[in-house]
Each structure stands twice: as C-alpha cells, then as structure tokens.
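These notes concern the structure reproduced below.
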Amino acid sequence: MAASTALASRALAFGPDKSLALLRDGYQFWQNLRDQRGSDVVRARLLHERATCIRGGDAARFFYEEPRLERSSALPAPIVGTLFGHGAVHTLDADQHVHRKSLFTDLLTAEAVGAIAAEVGRRWDERAPTWRGETELFEEASAILLGAVGAWLGLPIHAEDAAGRAADMLAMVDGFGSPGARHWRGHRARGRTEHWMEGVLQDIRDGGSHEAPIGTVALFRDGGGELLPVHTAAVEAINLVRPTVAISWLLSGVALAFDSWPHLREDLASGTISALDLAQEVRRCYPVAPFLAARATEDLEWSGEPIPAGSLVVLDLWGTDHDPRIWPDPFRFDPTRFQQTPVTPFNLVPQGGGDRNRGHRCPGEDVTLAVLITLIPRVAGLSYAVVGERPGLRRMPPRPTCRIDVRSA
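All you need for the working numbering is the position in the sequence shown, starting with 1, plus 1062.
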C-alpha cells in the first residue's frame, strides 16, 4: 500500500498543461524541460494527457521492446487524421500490428528499394538540366519522388494531377505540427487523397489488373482472412507513398548542408565521407518527426522514475539523435561521426527504432536511405546557393520550402 501511495504521489508531478509551450519551442521542447529541471526524465501534461519523456539508446530500447506499452490509444486524433490515417498500421498493436506490417515489409524488398531509388535518379536526371536561376527544390523533389514511387507502386497519376497529388502528400505531413490552418490543409489533403486512392483500389477489386504492388495492397487480407475495408486499404497505400514524398524535407537538408559546409563536396569526392555517412547525418540533424508516444497499460518504471498506468511514455526522437552520451558534440554537423559510432537499432531514431519487421520502426527507412544515397552525389554536382529563409527548430516540421539559385546543372 505504501509503495502504491508513493507511486501515486510522485505521479502527480506532471504540472499544468504545456501544449502551448510545445508549439512555441518545437523540437527543443523536451530539451528545454530537461535543462530547466536538471533531469534526464521529465514529465508534462500535453493535451491534458500525462506524459513522461525519455531519451537515449536504452530509453529507445525500452520504448520499443516493453510489451506493456501500446500505440493504439496513444496517438492524438489530429495526428492520426492528417499524418497516418484512421486504421493505419501505426495505430495497431501486437499480432494485428505484426500482420499489417507484413504488407509493407513484404513489398519493400531490397529489389523494390533499388527500383524506387533508380527511378528517382532517372527522373532527377531528366529534370535537373532544366533548372536555372531560382528554383523551388522542395517542389521539384516532391514531384520527382511522387512520380518514382507511384510508378513502382503502379498508381495511375495523370500528368495534370501530379503537382496537386504531391502537394497533398506534403500537406498531410506539414499538418501534424499545428492546430490551425496547416492542420486543416492537411485534413483536406488527406480527404482528397483517400477518395482518389479508394477509387484506384476499388477498380482493382472490381476486376482491374492486380499485377503491380498496388494490387497487393488492394487484395491484402487481415488476420481473419477478410479483405481490409477499402478505406483502410487506401490509408495503407498512402502510407507507402507519403513517406517517400516526405524525403523532400531531408533532401532540402542535403542542399542546406552542401551550401553551409562547401568542403563536404570535396570530402565526398575524396572518399573521406560516404553518401551513406552524409545521409545519416542529415537524418540526424534535419528532423521531421520530433517524438513518439505510447501508453502504459500497467504501472511501469524507467530509470527509477514511476510511470503510472494509463499515462503516456514519450520517446524524444530529436533528443535521442542529439544525446551527447551517444553523439559527442551533437550540434556539430559531422558525417564522419558514423565511422566511430556505428548506427544501431536504438541510437539513431529519426524514423523510429527497434526491429523493422515486427516492431514500430518505419518500414520505409531503407527507401529513405537509398534515395538519399542516390541523390546526394547529384546535389553535390549542382552549382547553386540556398536563398531565402533557413529552417529553424521551432516549426514542426520545418517549412516545406528550399529555394536554390541554380547557376548550372
């Protein structure tokens, strides 16, 4: 009884709601709390939920391997409604999650990843020679990425619709970090995209060709042997496309890195760093997802701190990727750091951690890396300067823009 009372007493220290502070501080919200409180484990109320935030490699292992943490009730409805979609794999747990995840891991084989990356490279090589003067790299990249992943998946994307489809994919990602106009743009974009995708899938179910990967999505069955509702299948089809288009944020990071540290071109050409080294450092330093949450189904404890049943456990992705215990001098951009500190499933988590096949790590991470490795030498070969506003750490995600002044392609 005494232990239970002590847990309840300590669990009250969540304080007032800090949702507005999160919107103000962005990616550095949890780090600011750690600095203020002098503790590596911090608590806060967000959207009236009690949340305990942890960071680091061991924390990531706990977050992904503790069976008494569930995702199904932890994701806020506004994020599900814009970023992931209702009924998505991200909202499932246990056997349901493993079965649904197999849709993605079975499709995204090494051969498929290579095909997507090669198509991205081919489309870049077609488009880049046309760039002169001020060019919106974000817009160009998103069109290339949508075209490539759409071609692999077998989506009927008409030329006159391509720009709008790409913009909608970006809007779904851009909408997760704000309760205002951005959120509603993302919500409307999801509605349009789901309606389109449902039509594509229904055509396949009504007898259309199912040879392409999109046919696998259309005909995928749940653990009980039933076809997914067409809306759920559409959500998962979008979850194959949207993360690939979202590589635009990271590609902007590549462009910013070459512009900020020109020696990186020589380092890449000489072999001092590899394209993989640079891709990993861009993923570490130019974040998209700030943190992830799960709900404790029982009273838990982490690092001596109690976690009450029903409360949230938050893994600070940005904080883990900038943890000085893992990454010395974490705010310095240094692709060579991976030559001293190999990447593990838990020390670099911009797209989640843990096991790709059975856990909640993003199954599209291999696509992200392959695309970046394909495009990094091509960006290095451009003569350009970044113009306009550079991204900060307050806006989540960073503003979807990267204007470059191309001198020659």
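For glycine and all other residues, C-beta sits at the position ideal for the given N, C-alpha and C.
As the structure is a prediction and not an experimental result, all values here were calculated from the model.
Endpoints, beta strand (DSSP E) assigned at residue i
| i | result |
| --- | --- |
| F1353 | F1353 to A1358 |
| S1164 | Taken as a continuous stretch (DSSP letters only), S1164 belongs to no beta strand (DSSP E), being part of the alpha helix (DSSP H) at A1156 to L1169. |
| C1347 | It is not in any beta strand (DSSP E) - C1347 instead sits in the alpha helix (DSSP H) that spans A1337 to C1347. |
| W1364 | L1362 to W1364 |
| I1388 | No beta strand (DSSP E) contains I1388, which DSSP labels as neither H nor E. |
| P1368 | E1367 to I1369 |
Span separating the alpha-carbon of residue i from that of residue j
| i | j | result |
| --- | --- | --- |
| R1194 | S1310 | 19 Å |
| P1397 | E1196 | 28 Å |
| P1460 | P1412 | 14 Å |
| P1191 | P1386 | 41 Å |
| L1326 | D1265 | 48 Å |
| C1347 | T1403 | 16 Å |
| D1230 | D1339 | 31 Å |
| I1369 | V1375 | 8 Å |
| T1067 | A1371 | Confidence is the limiting factor: at T1067 the pLDDT is only 46, short of 50, which leaves the residue's position unreliable, though a coordinate-based value still follows. Roughly 14 Å between the two C-alpha positions. |
| G1005 | G1077 | Absent from the model: residue 1005. The displayed extent of the chain is 1063 to 1471, so no value can be given. |
| C1043 | L1108 | The displayed coordinates of the chain run from 1063 to 1471. Any statement about residue 1043 would go beyond what the structure contains. |
| W1389 | L1312 | 20 Å |
| P1407 | D1236 | 26 Å |
| T1255 | R1227 | 7 Å |
| F1200 | G1315 | 10 Å |
| L1281 | L1444 | 43 Å |
| R1096 | V1104 | 6 Å |
| A1224 | V1160 | 33 Å |
| G1242 | N1094 | 24 Å |
| D1079 | A1139 | 18 Å |
| E1132 | D1361 | 13 Å |
| A1073 | G1088 | Confidence at A1073 is low in this model, with a pLDDT of 44, below 50, so its placement is unreliable and no value can be given for it. |
| D1157 | T1334 | 44 Å |
| G1261 | G1454 | 39 Å |
| P1392 | V1429 | 25 Å |
| S1164 | G1450 | 42 Å |
| A1070 | R1420 | Residue placement at A1070 is flagged as unreliable, the pLDDT there being 46, under the threshold of 50; the coordinate-derived value follows with that caveat. In a straight line, the C-alpha of A1070 is about 34 Å away from that of R1420. |
| V1211 | A1356 | 30 Å |
| M1234 | I1178 | 22 Å |
| L1169 | R1123 | 26 Å |
| G1426 | T1144 | 19 Å |
| L1379 | P1462 | 20 Å |
| P1129 | Q1342 | 29 Å |
| M1063 | W1364 | Per-residue confidence for M1063 stands at a pLDDT of 43, beneath the threshold of 50, marking its modelled position as unreliable; no derived number is given. |
| R1535 | T1153 | The chain is shown only over 1063 to 1471; residue 1535 falls outside these bounds and no answer can be derived. |
| N1409 | R1418 | 14 Å |
| G1248 | S1332 | 43 Å |
| A1065 | A1180 | Only weak support is given to the placement of A1065: the predicted model assigns it a pLDDT of 46, under 50, and the question is left unresolved by the model. |
| G1287 | V1297 | 19 Å |
Residues bridged to residue i (per DSSP)
| i | result |
| --- | --- |
| D1329 | None; D1329 has no bridge partner. |
| R1465 | E1198 and V1449 |
| G1414 | P1412 |
Range covered by the alpha helix (DSSP H) that runs through residue i
| i | result |
| --- | --- |
| V1316 | I1309 to S1322 |
| D1378 | Segment L1374 to D1378 is the beta strand (DSSP E) holding D1378; no alpha helix (DSSP H) there. |
| R1399 | R1399 to Q1402 |
Rounded distance between the beta-carbons of residue j and residue i, thought under 8 Å
| i | j | result |
| --- | --- | --- |
| V1307 | A1295 | About 19 Å separates the two Cβ atoms, so there is no contact after all. |
| A1251 | I1276 | In fact, because the Cβ distance is near 20 Å, the residues do not count as touching under 8 Å. |
| A1447 | D1321 | 6 Å |
| L1377 | F1125 | 4 Å |
| V1292 | L1263 | 6 Å |
| L1434 | V1350 | No, L1434 and V1350 are not in contact; Cβ-Cβ is about 13 Å, not under 8 Å. |
| W1092 | F1353 | 7 Å |
| A1358 | S1373 | 6 Å |
3-residue-minimum beta strand (DSSP E) runs that sit fully inside the region 1424 to 1463, ordered along the chain
Whole beta strand (DSSP E) segments, 3+ residues: 1445 to 1449.
- Output the residue ranges of the alpha helix (DSSP H) runs that lie fully inside the region 1243 to 1297 and measure 4 residues or longer, sorted by chain position. Runs of the alpha helix (DSSP H) spanning 4 or more residues and lying entirely within the region 1243 to 1297 occur at 1243 to 1267 and 1275 to 1280, in chain order.
- What are the uninterrupted segments assigned as beta strand (DSSP E) that are 3 or more residues long and contained completely in the region 1072 to 1157, given in chain order? The beta strand (DSSP E) runs lying completely inside the region 1072 to 1157 and spanning 3 residues or more are 1104 to 1108 and 1111 to 1116, given in chain order.
- List in chain order: all unbroken alpha helix (DSSP H) runs of 4+ residues lying wholly within the region 1158 to 1235. If we require 4 residues or more, the alpha helix (DSSP H) runs fully inside the region 1158 to 1235 come out as 1172 to 1189 and 1199 to 1215.
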